[in-house]
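*Asks:*
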DNA sequence: GTCTATAGATGGATAGAC
DNA sequence: GTCTATCCATCTATAGAC
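Protein chains in written order, with the numbering used here: chain A, 9 to 204; chain B, 9 to 204.
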């Protein structure tokens, strides 16, 4: 089992997934395999050598774009000074455009997860991890800046998580839906609203 | 041109649209015409006698569920005492479950509007009206409770609109995505955050 | 207006050569 | 592993009888 082959397979998979991401961003998950095949420059046979089905491609792409947010949050946790909730959101959301490219794809994933169990599992899993990351960050800040003990801080964080996620989802939805959306202004309002 | 016929046509259109709504809620816009036909108990020929295409059915359903929110907001404006922003959101969002039934359908519409111009027009139009409704409501409250003149009140309202919409979108997304979502708790947090 | 039956087109997936 | 060619299921929309 030669090592090069294994790396090659993985690289091809990534290559296909990235082409699929471009197609899905442009046409939604309704994009055809022909679209993806055309974008990769490969052929049908080549694609199906790396993915069992279109469904598998969709799941791979969804995992790709949803997971990227978690790394940003974990990087924030590594800082010495705990970041305020408003700062956390600001970092996550400004990083979004850089990593995901098209926020509209996230709307596709959310919509699809309503009607398909495979996609739903991914969404639940990633949001579960996001909640954990937010909880640690918010609790750390509350402990440092509001003199709460660990239990109180975690409780305080827990209450804040849904609206924090909600504000993030609102940012994503509006940046995808409205070309005139003013991201910085939204973040300024979030800064006023959330603890800082 | 007999009046009964005109009423009949409209009733049939509504009947079909409501069946389509159920199908789209369950299977997304990927639901087939056969699904809708089966749900109505009618036949293909009957459907196409009332709608030119599946696309037209999708647009009708989308208008239906998006427009319902506006009535709630206008009802609020009719009250004597101006409602606080947090109260406005609370009313709109609790009314949502009652009127729309399945919030997941809204995620479908948002996602679809990314890739299709017809759907996008509807979304832009409805959100435009929602913004107008929010602006009037927020400005009225700011004028009454913060002693701002009309220009200042409108400016204050304008700044608040995106995050208010964002919080509403977050509520919709989370109630559609997470079965364990706690709506009242979310609204309580919103009450803390927004002016009241 | 509504039905049945079907045309016409699309798209996911595979077979078999290389 | 990759290519070309193609099968076959699916789905939208229509034709024509009633």
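Note that CB positions come from ideal geometry on N, CA and C, so glycine has one too.
Going by DSSP in three states, residue 87 of chain B sits in which element: helix, strand or coil?
*Replies:* As a first step, residue 87 of chain B is located in the second chain; it is residue number 79 there, counting from the start. Of the three classes helix, strand and coil, the one that applies to residue 87 of chain B here is coil, per DSSP.
*Asks:* Could you round the C-beta distance between residue 130 of chain A and residue 67 of chain A to whole angstroms and report it? I think they count as a contact, below 8 angstroms.
*Replies:* In the first chain, residue 130 of chain A corresponds to position 122, counting from 1. In the first chain, residue 67 of chain A corresponds to position 59, counting from 1. Yes, they are in contact, since the Cβ atoms of residue 130 of chain A and residue 67 of chain A sit about 6 angstroms apart, within 8 angstroms.
*Asks:* Does the separation of the CB atoms of residue 162 of chain B and residue 203 of chain B fall below 9 angstroms?
*Replies:* Position 154 of the second chain, counted from the start, is the residue given in the question as residue 162 of chain B. Position 195 of the second chain, counted from the start, is the residue given in the question as residue 203 of chain B. No. Outside cutoff.
*Asks:* Is the shortest distance between the beta-carbon of residue 184 of chain B and the beta-carbons of chain A less than 9 angstroms?
*Replies:* In the second chain, the residue the question calls residue 184 of chain B occupies position 176. Answer yes: the Cβ-Cβ gap between residue 184 of chain B and chain A drops below 9 angstroms somewhere.
*Asks:* Indicate the three-state DSSP secondary structure (helix, strand or coil) for residue 95 of chain B in the structure shown.
*Replies:* Along the second chain, one-based indexing puts residue 95 of chain B at 87. In this structure, residue 95 of chain B counts as helix in the three-state DSSP scheme.
*Asks:* Between residue 110 of chain B and the rest of its own chain, which residues show a CB-CB distance below 6 angstroms, the 5 nearest in sequence each way excluded?
*Replies:* Looking up residue 110 of chain B in the second chain gives position 102. 33, listed in sequence order.
*Asks:* Following the continuous alpha helix (DSSP H) through residue 114 of chain A, name the residue where it begins and the one where it ends.
*Replies:* As a position in the first chain, residue 114 of chain A is number 106, starting the count at 1. Residue 114 of chain A -> alpha helix (DSSP H) spans 112–123.
*Asks:* Which residue comes first and which comes last in the alpha helix (DSSP H) that contains residue 195 of chain B?
*Replies:* Residue 195 of chain B sits at position 187 when you count from the first residue of the second chain. Counting along the chain, the alpha helix (DSSP H) containing residue 195 of chain B begins and ends at 191–201.
*Asks:* Decide if residue 136 of chain B is buried, meaning its Cβ has at least 16 other Cβ atoms within 10 Å, or exposed.
*Replies:* Within the second chain, residue 136 of chain B is the residue found at index 128, counting from 1. Flag for residue 136 of chain B reads exposed.
*Asks:* For residue 46 of chain A, report the span of its alpha helix (DSSP H) as first-last.
*Replies:* One-based indexing of the first chain puts residue 46 of chain A at position 38. 41–48 is the extent of the alpha helix (DSSP H) around residue 46 of chain A.
*Asks:* In this structure, does DSSP put residue 187 of chain A in helix, strand or coil?
*Replies:* Numbered from its first residue, the first chain carries residue 187 of chain A at position 179. Residue state, collapsed to three classes: coil.
*Asks:* According to DSSP, is residue 156 of chain B part of a helix, a strand, or is it coil?
*Replies:* As a position in the second chain, residue 156 of chain B is number 148, starting the count at 1. Residue state, collapsed to three classes: coil.
*Asks:* Take every Cβ of the region 113–123 of chain A, pair it with every Cβ of the region 68–88 of chain A, and state whether three or more of those distances are shorter than 8 angstroms.
*Replies:* Short answer: they touch.
*Asks:* Within 9 angstroms (strictly less), CB to CB, does residue 121 of chain A reach chain B?
*Replies:* Sequence index remark: in the first chain, residue 121 of chain A carries index 113 (1-based). Cβ-Cβ to chain B under 9 angstroms: yes for residue 121 of chain A.
*Asks:* With C-beta atoms as the reference, is residue 83 of chain A less than 9 angstroms away from residue 134 of chain A?
*Replies:* Along the first chain, read from residue 1 onward, the residue named residue 83 of chain A stands at position 75. Along the first chain, read from residue 1 onward, the residue named residue 134 of chain A stands at position 126. No, the pair does not count as a contact, with Cβ atoms beyond the cut-off.
*Asks:* What do you reckon, are the CB atoms on residue 85 of chain A and residue 170 of chain B nearer than 9 angstroms?
*Replies:* As a first step, residue 85 of chain A is located in the first chain; it is residue number 77 there, counting from the start. As a first step, residue 170 of chain B is located in the second chain; it is residue number 162 there, counting from the start. Going by C-beta atoms, residue 85 of chain A is not nearer than 9 angstroms to residue 170 of chain B.
*Asks:* Using only the alpha-carbon positions, how far apart do residue 158 of chain B and residue 101 of chain B sit?
*Replies:* Sequence index remark: in the second chain, residue 158 of chain B carries index 150 (1-based). Sequence index remark: in the second chain, residue 101 of chain B carries index 93 (1-based). Rounded to the nearest angstrom, the two C-alpha atoms are 27 angstroms apart.
*Asks:* Sorted by chain position, which residues of the same chain lie with C-beta nearer than 6 angstroms to residue 121 of chain B's C-beta, five sequence neighbours on each side aside?
*Replies:* Within the second chain, numbered from 1, the residue matching residue 121 of chain B stands at position 113. Excluding sequence neighbours, residue 121 of chain B sits near 127, 128 and 131.
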